[in-house]
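The structure appears below as structure tokens.
Number of protein chains: 2
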Amino acid sequence: MSETRWLSPDEQSTWRAYLNAHRLLLDAVDAQLRRDSGMPHAYYEILVRLSDTPDRALRMSVLADGLRVSASRLSHAIARLEERGWVRREDCPTDKRGQLAVLTDEGFAALAAAAPGHVEAVRGALFDALDPEQVRWLGAISQTLADHLASRERRTG
Amino acid sequence: MSETRWLSPDEQSTWRAYLNAHRLLLDAVDAQLRRDSGMPHAYYEILVRLSDTPDRALRMSVLADGLRVSASRLSHAIARLEERGWVRREDCPTDKRGQLAVLTDEGFAALAAAAPGHVEAVRGALFDALDPEQVRWLGAISQTLADHLASRERRTG
DNA sequence: AGCAGCTACTTGAGCGCTCAACAACTCGGC
DNA sequence: GCCGAGTTGTTGAGCGCTCAAGTAGCTGCT
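Protein chains in written order, with UniProt numbering: chain A, 1 to 157; chain B, 1 to 157.
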């Protein structure tokens with residue numbers, strides 16, 4: 001049990017600015033999608049992943065890993081998307097435990113309709129606010145962090 | 001109605017890395033607090049704000065603005081914190097519409113108990129992963145973004 | 001072959017957040 | 001004074017997420 005390494009004033013203000021920025025950014029993006037397309041951002045991400053895949057289908061576990069999301073969260077989300085007819089489940093041919101999430105034509109159409117507004121929202125909220133050097137740093141920092149956190153998660157279960 | 005300004009490949013990968021990093025980071029911090037202290041990160045932030053205030057009391061609206069959070073969300077959150085005895089409501093003496101959220105001694109104690117573990121989690125998840133130059137850039141970028149988004153929000157309601 | 005332990009996914013309860021509607025109050029103009 | 005518009009905060013329904021528990025199928029060891 002060692003002494004707590006408290007945050008320095010600079011670290012505190014960085015952390016607080018980070019929290020504010022992140023909350024405002026994700027809230028803005030999420031609110032735009034909900035308002036204009038009736039789907040939360042998490043669902044949009046699922047549809048994007050599926051549409052980026054050759055046959056528009058992915059194993060649940062692969063999808064969950066790619067989105068850094070729990071199996072439970074994905075399962076609930078796919079259930080909702082299925083109700084709307086945007087995704088359908090299929091049995092995995094090679095593993096009877098497995099399920100495939102398949103993007104339907106309706107789902108693809110919903111994604112296509114939502115994409116322009118969403119891209120504008122991301123651009124207006126994020127990229128328009130930063131200069132190119134800041135964008136480069138943000139990308140590098142995010143990648144570093146994502147790698148760091150993903151490897152930590154793997155170590156601790 | 002102009003053409004959609006789609007994201008460039010670099011912008012796309014920056015955005016995706018950002019989403020991954022931030023989901024992992026906030027999930028890690030939130031899970032640590034829930035597990036070790038029984039409170040979500042949003043509640044921890046409320047307690048911190050109150051404890052940073054001279055008499056440990058703030059108007060609801062001031063608190064909501066400072067945390068960049070909706071009035072509704074804060075109202076629900078304070079209701080929960082009140083049930084636990086960590087916060088108590090008082091009428092505002094100068095404005096009969098107003099309410100003060102006041103941190104109780106129990107709330108202060110809960111915060112004091114949660115703080116070391118939380119700080120370690122933030123340090124381990126964020127600051128340990130970045131070098132000092134990255135931390136400086138992250139702080140500056142976050143501040144730029146927070147200002148940009150807050151001013152946008154004010155303009156559009 | 002059979003069984004223990006792992007992996008893949010689902011389910012249900014509980015909780016926090018969003019959105020819209022609402023009640024109470026303040027303030028500026030007349 | 002009074003009325004209408006704006007502000008402050010609350011409430012309830014609905015939804016998405018978390019956590020823990022459960023089902024089903026795979027895999028490796030003996």
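Think of the CB as a built atom: it goes at the ideal place given N, C-alpha and C, for glycine as much as any other residue.
For this session: Residues of the region 61-83 of chain B with a CB closer than 7 Å to any CB of chain A: list them in chain order, please.
Result: Arg68
Exercise. Which chain A residues sit within Cβ distance under 8 Å of phenylalanine 127 of chain B?
Worked result: Counting from 1 along the second sequence, the entry for residue 127 of chain B is found at position 127. By Cβ distance, chain A contributes Leu7, Glu11.
For this session: Taking threonine 4 of chain B as the query, report the chain A residues whose CB atoms sit under 8 Å from its CB, ordered along the chain.
Result: In the second sequence, the residue the question calls residue 4 of chain B occupies position 4. Simply Ala115, Pro116, Val119, Glu120.
Problem set entry | Cβ pair glutamine 134 of chain B, alanine 17 of chain A closer than 8 Å | Residue mapping note: residue 134 of chain B aligns to position 134 of the second sequence, counting from 1. Residue mapping note: residue 17 of chain A aligns to position 17 of the first sequence, counting from 1. No, the Cβ-Cβ distance between glutamine 134 of chain B and alanine 17 of chain A is not below 8 Å.
Exercise. Do the region 72-86 of chain B and the region 29-49 of chain B meet, that is, are 3 or more Cβ pairs less than 8 Å apart?
Worked result: yes
Exercise. Between the beta-carbon of isoleucine 141 of chain A and the beta-carbon of tryptophan 15 of chain B, is there less than 8 Å?
Worked result: Position 141 of the first sequence holds residue 141 of chain A. Position 15 of the second sequence holds residue 15 of chain B. Their beta carbons are not under 8 Å apart, which means isoleucine 141 of chain A does not touch tryptophan 15 of chain B by this criterion.
Exercise. Quick check: the region 94-105 of chain B against the region 55-63 of chain B, are there 3 or more CB pairs under 8 Å?
Worked result: yes
Exercise. Between which two residues does the beta strand (DSSP E) carrying leucine 100 of chain A extend?
Worked result: For the purposes of this step, residue 100 of chain A is identified with residue 100 of the first sequence, where counting begins at 1. Per DSSP, leucine 100 of chain A belongs to the beta strand (DSSP E) from 99-103.
Exercise. On the three-pair Cβ rule with 8 Å, is the region 109-124 of chain A touching the region 20-38 of chain A?
Worked result: yes
Exercise. Per DSSP, what kind of secondary structure is leucine 58 of chain A in: helix, strand or coil?
Worked result: Here residue 58 of chain A corresponds to residue number 58 of the first sequence, with the count starting at 1. It is a strand residue.
Exercise. Looking at the C-beta of threonine 144 of chain B, does it have a partner C-beta in chain A at a distance below 8 Å?
Worked result: Counting from one through the second sequence, the residue named residue 144 of chain B turns up at place 144. Output row for threonine 144 of chain B: interface = yes.
For this session: Leaving aside the five residues before and after valine 122 of chain A along the sequence, list all residues of the same chain whose C-beta is less than 7 Å from its C-beta, in chain order.
Result: For the purposes of this step, residue 122 of chain A is taken as the residue at position 122 of the first sequence. Within the same chain, valine 122 of chain A has close Cβ partners Val29.
Problem set entry | the region 81-92 of chain B contacting the region 103-113 of chain B, beta-carbon criterion three pairs below 8 Å | yes
Exercise. Does tyrosine 18 of chain B get closer than 8 Å to chain A when you measure Cβ to Cβ?
Worked result: The residue you call residue 18 of chain B lines up with position 18 of the second sequence. It does; some Cβ of chain A falls within 8 Å.
Exercise. Any beta-carbon of chain B closer than 8 Å to the one on alanine 150 of chain A?
Worked result: Translated into the one-based positions of the first sequence, residue 150 of chain A becomes position 150. Yes, contact with chain B.
Exercise. In angstroms, rounded to a whole number, what distance separates the CA positions of leucine 126 of chain B and leucine 25 of chain B?
Worked result: Within the second sequence, numbered from 1, the residue matching residue 126 of chain B stands at position 126. Within the second sequence, numbered from 1, the residue matching residue 25 of chain B stands at position 25. Cα to Cα, leucine 126 of chain B sits roughly 7 Å from leucine 25 of chain B.
Problem set entry | N- and C-terminal bounds of the alpha helix (DSSP H) containing glutamate 3 of chain B | Residue numbering aside, residue 3 of chain B sits at position 3 when the second sequence is read from its first letter. Element bounds for glutamate 3 of chain B: n/a, residue is neither H nor E.
For this session: Within the same chain, show all residues whose beta-carbon is closer than 8 Å to that of residue 158 of chain A, passing over the 5 residues directly before and after it, in chain order.
Result: Outside the displayed range of chain A (1 to 157) lies residue 158 of chain A, so it cannot be described from this structure.
Problem set entry | Between the CA atoms of glutamate 3 of chain B and threonine 4 of chain A - distance to the nearest angstrom | What you label residue 4 of chain A is simply residue 4 of the first sequence in a count that begins at 1. What you label residue 3 of chain B is simply residue 3 of the second sequence in a count that begins at 1. Each residue's Cα considered, the two are about 53 Å apart.
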